[in-house]
Amino acid sequence: MSLAAIAEKDFQDAVRSRGMLALAALFSLLVAAFAVVVRPGGQGGEQFATELLLRFFVGPFLVTTLVPLVGVVVGYNAVSGERESGSLKLLLSLPHSRADVVFGKVVGRGAALSLAVLTGFLLPGLVLFALAQTGALATFNVGAFLGYTVFAAVLGVVFVAIAVGCSAAAETQRRALIGGVAIYVLFVLLWGAVTGQFLDAASGLIDPLPVSQRQVSVFLRVANPTTGVELLSSAFLGEQLLSGETVNQQISAVSMLVFWTIAPPLLGLWKFDTDDL
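Adding 857 to a residue's 1-based position in the sequence shown gives its number in my numbering.
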């Protein structure tokens, strides 16, 4: 119950903050702006119009770029901020373990970010649905739009978990922020270049192994949570989620998303447990 209590308090504090309200408003404005640009209509049919909006506009410009950054901002000061302010000692004087604190922060802040993302996506979705009902738009795929918001929220939770792990391991907010931003830059901006250099350097080591360089390349691709979510959301929009030719890649992507949600908080907790507050 201690973990649940911390998660509930963090969630309530985050939801009531002006930052979360501003975030939901920002998502709504951006999704609405992309919807105006795309104008889903009858030219390409229902599925094409909705996929065009989500996969080629909302996805690369909002989900895989902005959502991870927001996740880092939401989570980086979760533990380190309370450590610097001194409130962490008071929190641990109550019947809460350090594991309760770390994972309670992940759950609470992840849930708050998910709510902000879902709210920000659903408001424009409701407007588009209403326009489709009145005939102002030819078609609008509600199921695809709602499902895609879930993938966006999942990506946000993953980066919150990574940032909270950095926060638990760092002694100051500054170090936690540097760690979170470094991971964001690696995954969002540099992953292709870094993994490409790695594959070139390790080609001689891979050849004797019972795996091909292409298999290693595919694994490295899905190991990135942003590209993993892109793969899963694309399969969902194409009605081939956990099926079709990429099913093995999708299973690997799901496994890596679970890994990135659990491993960083565990590593942060390991360092946090050894610290003398």
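A virtual CB, placed ideally from N, CA and C, is assigned to each residue, including glycine.
In this structure, the straight-line span from the alpha carbon of V929 to that of F1055 is close to 26 Å. Going by DSSP, V920 is part of no alpha helix (DSSP H) at all; its letter is neither H nor E. In the three-state DSSP reduction, F978 falls in the helix class (H, G or I).
A Cβ-Cβ contact shorter than 8 Å links R955 with F1129.
With fewer than 16 other beta carbons inside 10 angstroms of its own, V1115 counts as exposed. The beta carbon of V1021 is closer than 6 Å to those of G932, A935, K962, V963 and P1122 in its chain, skipping five residues each way along the sequence. For L951 and S942, the gap between their C-alpha atoms comes out near 17 Å. About 18 Å separates the beta carbons of A973 and T1118, which is beyond the 8 Å limit, so they are not a contact pair.
T1083 has its alpha-carbon roughly 27 Å from the corresponding atom of V958. Between the C-alpha atoms of S937 and T1029 there is a straight-line separation of about 5 Å. Cα atoms of A1033 and S1109: separation of roughly 29 Å, rounded to the nearest angstrom.
Per the coordinates, the alpha-carbon of V1015 lies some 33 Å from the alpha-carbon of A989. For D867, the number of other beta carbons within 10 angstroms of its own is at least 16, and it is reported as buried.
DSSP, reduced to helix, strand and coil, places V936 outside both helices and strands of the structure shown, so it counts as coil.
By the criterion of a C-beta distance shorter than 6 Å, G1037 is surrounded in its chain by V929, Y933, A1020 and C1023, once the five residues flanking it on both sides are discounted.
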